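**Q** Count the sequence shown with this note's numbering and you get residues 80 to 249, in order. Just so it is clear, CB atoms sit at the ideal spot from N, CA and C, and this is done for glycine as well. Keep in mind that this is a model prediction, so the values were computed, not measured. Structure incoming, see below.
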Amino acid sequence: MASKSLHYQGNHTFSKTEKVQGYIIYPKALNIVWGNDQRFWKLPKYEKDGAELIQVNWLEVTGCIDNINIAKKTSYDVGFIVSLMTDAFGWSDSPVYLMAKWGDNTQWRKVNLTTEINAEINGKKMISKTITITKGKGNNTYKIYFGLYEVWNKKWKGGLKIHSVNLTEI
Numbered sequence: 080m081a082s083k084s085l086h087y088q089g090n091h092t093f094s095k096t097e098k099v100q101g102y103i104i105y106p107k108a109l110n111i112v113w114g115n116d117q118r119f120w121k122l123p124k125y126e127k128d129g130a131e132l133i134q135v136n137w138l139e140v141t142g143c144i145d146n147i148n149i150a151k152k153t154s155y156d157v158g159f160i161v162s163l164m165t166d167a168f169g170w171s172d173s174p175v176y177l178m179a180k181w182g183d184n185t186q187w188r189k190v191n192l193t194t195e196i197n198a199e200i201n202g203k204k205m206i207s208k209t210i211t212i213t214k215g216k217g218n219n220t221y222k223i224y225f226g227l228y229e230v231w232n233k234k235w236k237g238g239l240k241i242h243s244v245n246l247t248e249i
């Protein structure tokens, strides 16, 4: 008898944004480690709802956009739009890492959520840092991969809400 995977596989959909050149990816499109276990995550019911982290000691949220037909020198700012809920815990000694990969070009950025959630978007405190990624060479130059990780300190953390991932052409 096959068992149900504890990891959530997103539907990998994305939308072009209207106001600025770029894309928006909502949590239903993301892959979330331990996302299919209600002890750890509250998954979005509707496409534009956020995903709520209840508690994990292994945070790994990834996604990609593909079939993008854009110029070789185009760059994007990749940013996770997240907020900490009032009952958030475990983040003071647990920096997260943002990752973006396009072809053979991979960028990482360390973010401390307790000090670097300070941009206001729609009245919510959000991560103010992004990663700039430029198209690399090699395989998969038609896909941009991205991720949010905290897998190293093994401490329990919770109270994070993921609203979207934004890719803005620069």
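#1: Would DSSP call Cys-143 helix, strand or coil?
#2: Within the same chain, show all residues whose beta-carbon is closer than 6 Å to that of Leu-109, passing over the 5 residues directly before and after it, in chain order.
#3: Would you mind stating whether Lys-236 and Met-164 have Cβ atoms separated by less than 7 Å?
#4: For the putative contact between Leu-138 and Leu-227, defined by C-beta atoms under 8 Å, what is the C-beta separation to the nearest angstrom?
#5: Tell me whether Tyr-105 is buried or exposed, calling it buried when 16 or more other Cβ atoms sit within 10 Å of its Cβ.
#6: For Glu-195, which of helix, strand or coil comes out of DSSP?
#7: Starting from Thr-247 and walking both ways along the beta strand (DSSP E), at which residues does that stretch end?
#8: Just the Cα atoms here: how many angstroms apart are Met-178 and Ile-210?
#9: Within its chain, find whatever has a CB closer than 6 Å to the CB of Leu-250; leave out the 5 residues flanking it on each side and keep chain order.
#10: Ends of the beta strand (DSSP E) at Ala-108?
#11: Assign Ser-173 to one of two classes, buried (16 or more other C-beta atoms within 10 Å of its C-beta) or exposed (fewer than that).
#12: Can you tell me whether DSSP reads Glu-126 as helix, strand or coil?
#13: Decide if Glu-229 is buried, meaning its Cβ has at least 16 other Cβ atoms within 10 Å, or exposed.
#14: If I'm right that His-86 touches Trp-113 with Cβ under 8 Å, what's the distance once you round it to whole angstroms?
#15: With DSSP collapsed to three states, give me the class of Lys-208.
#16: From Ile-160, Lys-234 and Lys-214, pick the residue whose C-alpha is nearest to that of Gln-186; which is it?
**A** In this structure, then:
#1: strand
#2: Gly-89, Val-140 and Gly-142
#3: no
#4: 7 Å
#5: buried
#6: helix
#7: 237-248
#8: 7 Å
#9: With the chain covering only 80 through 249, there is no way to say anything about residue 250.
#10: That residue, Ala-108, is in no beta strand (DSSP E); it is neither H nor E in DSSP.
#11: buried
#12: coil
#13: buried
#14: 7 Å
#15: coil
#16: Lys-214
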